[in-house]
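Everything on this sheet refers to the single structure shown next.
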Amino acid sequence: MSRVAVVTGGTRGIGAAISLALKSAGYRVAANYAGNDEAAQAFHAETGIPVFKWDVSSYEACSEGLARIEAELGPIEVLINNAGITRDAMFHKMTPQQWHEVINTNLTGLFNMTHQVWAGMRERSFGRIVNISSINGQKGQMGQANYSAAKAGDLGFTKALAQEGAAKNITVNAICPGYIGTEMVLAIPEKVLNERIIPQIPVGRLGTPDEVARCVVFLVSDDAGFITGSTLSANGGQLFV
Ligand SMILES: NC(=O)c1ccc[n+]([C@@H]2O[C@H](COP(=O)([O-])OP(=O)(O)OC[C@H]3O[C@@H](n4cnc5c(N)ncnc54)[C@H](OP(=O)(O)O)[C@@H]3O)[C@@H](O)[C@H]2O)c1
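In the working numbering, the protein residues as written are 1242 to 1482.
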């Protein structure tokens, strides 16, 4: 029987590419999303992948959502924590709300999701978790104190859990994408993209969601069983760490 994989924020952008790549690789995929029903239904109609709406910043909502998925598809063996948001502002203008929304989704969301599948993975002695962090969690980014803090936190979370999961055959890894051509990035004015962002990327272009998705497919595969606690940078040479 093929493995069940849950992808948070799995209906748009990088998450949609991950959901599709995992389906193509033979997983039974469930894609979570927050509120964009139109995009989620279009994704479902196009791919046949079931979609489940809840907010990863709520522990109770994650519990209910995951219970629905387990009832429909079976025990969750693969979890991709991909859902993320930005609420950018220079720090002197950043509101507590902007801070908390990003921390609650991009960092606490990982706790809310992972905590609920962890016991089952330990019992079955198998699990694969991939956390989608960001280059801006590695290097910091002005205007993104909230986002950079959350994404850096995702890396610490990954390394700590990797140590706890290792003896139970649960691997926990992170991917740090650089600039990927999704709605989040294409919302940046074209002039800023062409004159300020792309020149910082040695390969001279944005990455594609598929390029991140292929990293995920490898990290969750049996071939990657010896890789845990790692941070895989997919940033076109923009930052070496
Ligand atoms: N794009 C980049 O260049 C880039 C670079 C580095 C890291 N990343 C990271 O990669 C991940 C995906 O980014 P993206 O650019 O693909 O984003 P995106 O196109 O904006 O899509 C975000 C997805 O996350 C879902 N989502 C947002 N908040 C949620 C919540 N509270 N609960 C459940 N689902 C939620 C959205 O659901 P709805 O459709 O319902 O809104 C959507 O499916 C994020 O973690 C982001 O920080 C992106």
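Every residue gets a Cβ at the ideal spot worked out from N, C-alpha and C, and that includes glycine.
- Non-local beta-carbon contacts of Gly1406 in its own chain, meaning distances under 6 angstroms to residues more than five positions away in sequence, involve Val1413 in chain order.
- Here Cys1417 is near Ser1474, since their CB atoms are less than 7 angstroms apart.
- In the three-state reduction of the DSSP assignment, Pro1440 falls in the helix class.
- Nearest to Ala1415 by C-alpha distance, out of Glu1424, Val1426, Ala1302, Thr1399, is Thr1399.
- Ala1246 counts as buried, since at least 16 other C-beta atoms from the protein chains shown sit within 10 angstroms of its C-beta.
- For Pro1337, there is no enclosing beta strand (DSSP E); the residue is part of the alpha helix (DSSP H) that begins and ends at 1337-1347.
- Pro1418 has Ala1475 as its beta-bridge partners, per DSSP.
- In the DSSP assignment, Asn1377 falls outside any beta strand (DSSP E) and lies within the alpha helix (DSSP H) extending over 1376-1380.
- At least one heavy atom of ligand 1 lies less than 6 angstroms from the C-beta of Thr1252.
- For Val1426, the three-state secondary structure derived from DSSP is helix.
- Phe1293 sits in a strand when the DSSP states are folded into three classes.
- The beta carbon of Gly1256 sits closer than 6 angstroms to at least one heavy atom of ligand 1.
- Taking C-alpha positions only, Gly1254 is separated from Thr1423 by approximately 5 angstroms.
- Taking Met1383 as reference, the option from Ser1375, Asp1329, Leu1434, Pro1430 with the minimal CA-CA separation is Asp1329.
- Beta bridge pairing from DSSP links Leu1320 with Val1247, Ile1370.
- Residue burial annotation: Leu1261 is buried, with at least 16 other C-beta atoms found within 10 angstroms of its C-beta.
- Taking 6 angstroms as the cut-off, the C-beta of Pro1440 does not count as close to any heavy atom of ligand 1.
- Between the alpha carbons of Gln1338 and Gly1289 lies a gap of roughly 36 angstroms.
- Rounded to whole angstroms, Asn1435 and Leu1447 show a C-alpha spacing of 10 angstroms.
- Taking C-beta atoms as the reference points, Ala1258 and Val1297 fail to come closer than 7 angstroms.
- Using a C-beta cut-off of 8 angstroms, the region 1353-1369 makes no contact with the region 1385-1393, since fewer than three inter-stretch Cβ pairs fall below that distance.
- DSSP lists Phe1293 as the bridge partner or partners of Asn1273.
- Around the beta carbon of Glu1318, 16 or more other beta carbons sit within 10 angstroms, so the residue counts as buried.
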